[in-house]
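Engineer: A single structure is presented below for examination.
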Amino acid sequence: MKILAVDDDPLILQLLTEVLRVVGFTNLTTCESAHDALGEIERADVPFDCFLLDIQMPGMDGIELTRAIRKLPAHKVSPIVMITAMSDRSYIDNAFAAGASDYVTKPFEIGEVHARLGQIHERVLAHKQREDRNPVSAPRDATSIVTASDFQSRLPLSDIDAFVEYLALENYLFQVSRVSLFGMRAFGIVVPGLERAFQASSVYEYQSTVSDFAEAISDCLKPRSFLAAHAGSGEFVCVLTDGDTIDPVAFETTLCETIRDMDLHFCDGRAMTLEPVVGNPISLQLKSSRGVANVLVQALADAEAVARAPRTHRETAPTSALKQLFGW
Amino acid sequence: MQHTTDHARISAGLARIQQSFLSEAEARCARLRVLRQQLSEMTQDQAALKEIGQITHKIAGTAATLGYPELGVQASEIDDAIDQRDPATGAPSPDLLAKIDSVISALALLKPSTQG
Numbered sequence: 000m001k002i003l004a005v006d007d008d009p010l011i012l013q014l015l016t017e018v019l020r021v022v023g024f025t026n027l028t029t030c031e032s033a034h035d036a037l038g039e040i041e042r043a044d045v046p047f048d049c050f051l052l053d054i055q056m057p058g059m060d061g062i063e064l065t066r067a068i069r070k071l072p073a074h075k076v077s078p079i080v081m082i083t084a085m086s087d088r089s090y091i092d093n094a095f096a097a098g099a100s101d102y103v104t105k106p107f108e109i110g111e112v113h114a115r116l117g118q119i120h121e122r123v124l125a126h127k128q129r130e131d132r133n134p135v136s137a138p139r140d141a142t143s144i145v146t147a148s149d150f151q152s153r154l155p156l157s158d159i160d161a162f163v164e165y166l167a168l169e170n171y172l173f174q175v176s177r178v179s180l181f182g183m184r185a186f187g188i189v190v191p192g193l194e195r196a197f198q199a200s201s202v203y204e205y206q207s208t209v210s211d212f213a214e215a216i217s218d219c220l221k222p223r224s225f226l227a228a229h230a231g232s233g234e235f236v237c238v239l240t241d242g243d244t245i246d247p248v249a250f251e252t253t254l255c256e257t258i259r260d261m262d263l264h265f266c267d268g269r270a271m272t273l274e275p276v277v278g279n280p281i282s283l284q285l286k287s288s289r290g291v292a293n294v295l296v297q298a299l300a301d302a303e304a305v306a307r308a309p310r311t312h313r314e315t316a317p318t319s320a321l322k323q324l325f326g327w
Numbered sequence: 000m001q002h003t004t005d006h007a008r009i010s011a012g013l014a015r016i017q018q019s020f021l022s023e024a025e026a027r028c029a030r031l032r033v034l035r036q037q038l039s040e041m042t043q044d045q046a047a048l049k050e051i052g053q054i055t056h057k058i059a060g061t062a063a064t065l066g067y068p069e070l071g072v073q074a075s076e077i078d079d080a081i082d083q084r085d086p087a088t089g090a091p092s093p094d095l096l097a098k099i100d101s102v103i104s105a106l107a108l109l110k111p112s113t114q115g
């Protein structure tokens, strides 16, 4: 795994070099500034597989550097791990919103760095194996008929405001749970019938529609502070990060209107009539670090339950007032 | 078993980096003394405070990993206090100045090993 580490403190770079060398990550390049790092990335014949970035650096900081790396086509989904002493919520929020995949706070535990990089290495290897098996996958897959595996894939959608990879959203929640989950809520959105509607479509057509739905979700959630991710097929999860909440019924109405206004059509000219269903927000406030790991799954399960049962029945259930009161 | 071997190999590497940290500590201690003196002469010297924040930020990032957890915590408290401080509040609080003095004292006690 080819790694680029950026930190203005040479001691941290020495530490990382040592820690990574011991576990076999010897292909490491180090830079003491974001400017130097961008030069290294540009000059690299073989692209870097992973980035380890400090946040607080003179000149361009690590969050700006993350944004700059994400703009490069070769690094839209490359793992970017922030390794930083900045443990405040605002830094964590900004780093993930800029495109960070994971976040480790200094002083770091050596075992923690090993564990995180081990996971990333597995992802990088899996990605390379897919590419080796199918070196021309991107252009061919786009026009081929969508498969069950395409439906299961979680699209990164990193070009859409506040959308991050699903794994990054999980990492974000885990990291934030160590600081404060105060005022945070998660909810799911599902698009019933999406897989059936795209069974005979191309990958490109399916992915474009997922992207259109994500765009609509992002537009409708603004100006709230949030992060969102595609969870595969027609499923999305959103995390409101700044004490805001949504009325799921009103939000669903707005989202459906926005999607209708987009006037989406299949390639054969048929109008698209798919409508998203919005789950109830779940408060993260009282969740433990362990509990927060399941919250995205719970949010999706709730949205699926809403899609199965008419919402009017759920609204009249005796627990709905309590749910509203406590933001469950 | 693998974990133990890794730990032993890391320990040897950390010992070398620790020497760099200790050498660096001397220079950082000297610079913090100068900046602390500047704060005594001009209590609202924002540039001096900013540089103190940068130095303690770096100490906070490595001290604990290299075996100096208390120094790391002290440095981190100064870093956080300066980072969250509104410059309009005027002179740094006595508590912050005491913490800076404490880190200077702790750094002064650190000496690089003279053993090969």
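Chains Z and U are the protein sequences, given in the same order.
Just so you know, we're using numbering that gives the first Met the number 0 here: the first sequence kicks off at 0 and counts up by one.
Just so you know, we're using numbering that gives the first Met the number 0 here: the second sequence kicks off at 0 and counts up by one.
Glycine residues also receive a C-beta, built at the ideal position from the N, C-alpha and C atoms.
On the criterion of 16 or more Cβ atoms from any shown chain inside 10 Å, does A94 (chain Z) qualify as buried, or is it exposed?
Structural biologist: Only buried fits A94 (chain Z), as 16 or more other CB atoms lie within 10 angstroms of its CB.
Engineer: In whole angstroms, what separates the C-alpha of S101 (chain U) from that of L48 (chain U)?
Structural biologist: 15 Å
Engineer: Return the first residue and the last residue of the alpha helix (DSSP H) that M0 (chain Z) is part of.
Structural biologist: Neither: M0 (chain Z) is in no alpha helix (DSSP H) and is coded neither H nor E.
Engineer: Can you tell me which of the three DSSP states I82 (chain Z) falls into?
Structural biologist: strand
Engineer: Which residue from Z:G192, Z:L273 and Z:G187 puts its Cα closest to that of L220 (chain Z)?
Structural biologist: With distances taken between Cα atoms, L220 (chain Z) lies closest to Z:G187.
Engineer: Hey, L299 (chain Z) and V236 (chain Z) are a contact pair by Cβ (cut 8 Å); roughly how many whole angstroms apart?
Structural biologist: V236 (chain Z) and L299 (chain Z) do touch by the CB rule: their CB atoms are close to 6 Å apart, below 8 Å.
Engineer: Can you check which of these residues, U:P93, U:I58, U:L34 and U:I99, is closest to L21 (chain U) by C-alpha distance?
Structural biologist: It is U:I58 whose Cα lies nearest to the Cα of L21 (chain U).
Engineer: So, are the CB atoms of G268 (chain Z) and D301 (chain Z) less than 7 Å apart?
Structural biologist: no
Engineer: Could you spell out the range, first to last residue, of the alpha helix (DSSP H) harbouring E274 (chain Z)?
Structural biologist: It is not in any alpha helix (DSSP H) - E274 (chain Z) carries neither H nor E in the DSSP assignment.
Engineer: Going by DSSP in three states, L109 (chain U) sits in which element: helix, strand or coil?
Structural biologist: coil
Engineer: Going along the segment 7-23 of chain Z in order, which residues come within less than 9 Å of chain U, judged by CB to CB distance?
Structural biologist: Result list: D7, D8, P9, L10, I11, Q13, L14, T16, E17, V18, R20, V21 and V22.
Engineer: Is it a yes or a no for the segment 183-199 of chain Z touching the segment 232-251 of chain Z, going by three-plus beta-carbon pairs under 8 Å?
Structural biologist: yes
Engineer: Applying the 10 Å Cβ sphere with the 16-neighbour rule, what's the burial state of C30 (chain Z)?
Structural biologist: With 16 or more Cβ atoms within 10 Å of its Cβ, C30 (chain Z) is classed as buried.
Engineer: When you compare the CB positions of K70 (chain Z) and A84 (chain Z), do they come within less than 7 Å of one another, or not?
Structural biologist: no
Engineer: Assuming the contact rule is C-beta atoms closer than 8 Å, A161 (chain Z) and A249 (chain Z) should be a hit. Round their C-beta distance to whole Å, please.
Structural biologist: That pair is no contact at about 20 Å.
Engineer: Figure out for me which residue from Z:D60, Z:D87 and Z:F197 has the closest Cα to the Cα of L180 (chain Z).
Structural biologist: Z:D87
Engineer: Please go through the same chain and pick out, in chain order, the residues whose beta-carbon is closer than 6 Å to the beta-carbon of L10 (chain Z), but skip the five residues on each side of it.
Structural biologist: Here the set comprises nothing.
Engineer: For G38 (chain Z), count neighbouring Cβ atoms within 10 angstroms of its own Cβ and tell me buried if that reaches 16, exposed if not.
Structural biologist: exposed
Engineer: Could you work out which residue in U:P93, U:L13, U:Q45 and U:G12 is closest to P86 (chain U) when comparing CA atoms only?
Structural biologist: U:Q45
Engineer: Just tell me which of Z:S100, Z:D53 and Z:G98 has its CA closest to the CA of D82 (chain Z).
Structural biologist: Rather than Asp, the amino acid found at residue 82 (chain Z) in this sequence is Ile. Considering only alpha carbons, the answer is Z:D53.
Engineer: According to DSSP, is R307 (chain Z) helix, strand or coil?
Structural biologist: helix
Engineer: For Q55 (chain Z), which residues in chain U fall below 7 Å Cβ to Cβ?
Structural biologist: H56, listed in chain order.
Engineer: Please report the straight-line C-alpha distance between L226 (chain Z) and A24 (chain U), rounded to a whole angstrom.
Structural biologist: Counting only the Cα atoms, A24 (chain U) lies some 41 Å from L226 (chain Z).
Engineer: For P106 (chain Z), return the contacting residues in chain U, with the cut-off set at a CB-CB distance below 9 Å.
Structural biologist: Around P106 (chain Z), the beta-carbon contacts reaching into chain U at under 9 Å are A59, G60, T61, A62, A63, T64, L65, P68, G71 and S75.
Engineer: For A147 (chain Z), does the three-state DSSP call read helix, strand or coil?
Structural biologist: DSSP places A147 (chain Z) within a helical segment (H, G or I) once states are collapsed to three.
Engineer: Whose CA, out of Z:V145, Z:D149 and Z:E214, lies closest to the CA of L156 (chain Z)?
Structural biologist: Z:E214
Engineer: DSSP state of Y102 (chain Z), grouped into three classes?
Structural biologist: Y102 (chain Z) falls in the strand class under three-state DSSP.
Engineer: Go through the segment 173-238 of chain Z residue by residue and report every complete run of the beta strand (DSSP E) that reaches 3 residues or more, in order.
Structural biologist: 184-189 and 225-229
Engineer: Does S282 (chain Z) come out as helix, strand or coil in the three-state DSSP assignment?
Structural biologist: strand
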